[in-house]
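Following: one structure in structure tokens, then a few remarks.
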Amino acid sequence: MCSNTELAIKIKGLETQLDGLMELNAQASAFQKEKLNAILEQAIKTNSRVTACEGKLHGLRFWAWLIEKPYRLVLSLFGLIFIVNFVDIEKIVELLLKIFK
17 MCSNTELAIK IKGLETQLDG LMELNAQASA FQKEKLNAIL EQAIKTNSRV TACEGKLHGL
77 RFWAWLIEKP YRLVLSLFGL IFIVNFVDIE KIVELLLKIF K
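Add 16 to a position in the sequence shown, counting from 1, and you land on the number used in this note's numbering.
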């Protein structure tokens, strides 16, 4: 049988181990929170960069739409040729320069 002194020593040892585990858990929790915050910050930065790139590509959507279906491109070319026959070339060049500035 164990004496009261031995039980007190064992209980004290268990308390010390429990305190150590609780401290370790707190450190792990803080580390995990720090890492999650870093991941969140990186995700926000990446999201803002993607949004900026999408904004830059906004002007290219028309060309993607035009090239997506070949008949759209052909009809656009015929329409452009038709307009060129009725409108002065210099006016068309000025218009294109204004559009692409």
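C-beta atoms are modelled at their ideal positions from N, C-alpha and C, and glycine is treated no differently.
These numbers come from a predicted model, not from an experiment.
#1: Quick one: Cα of Q48 to Cα of Q58, how far?
#2: Looking only at its own chain, which residues have a Cβ that is under 8 Å from the Cβ of L82, when we skip the five neighbours before and after it?
#3: From A68 to K61, what does the alpha carbon distance come to, in whole angstroms?
#4: Can you tell me whether DSSP reads S92 as helix, strand or coil?
#5: By how many angstroms is the C-alpha of F78 removed from the C-alpha of N63?
#6: Run through DSSP, which three-state label would F78 get?
#7: Please classify K114: does DSSP put it in a helix, a strand, or coil?
According to the structure shown:
#1: Rounded to whole angstroms, Q48 to Q58 spans 15 Å at the Cα level.
#2: Excluding residues within five positions, the ones whose Cβ falls inside 8 Å are R88, L89 and S92.
#3: So the two alpha carbons sit approximately 11 Å from each other.
#4: Here S92 sits in helix by DSSP.
#5: Cα-Cα distance, rounded: 24 Å.
#6: In the three-state reduction of the DSSP assignment, F78 falls in the helix class.
#7: K114: helix per DSSP, three-state reduction.
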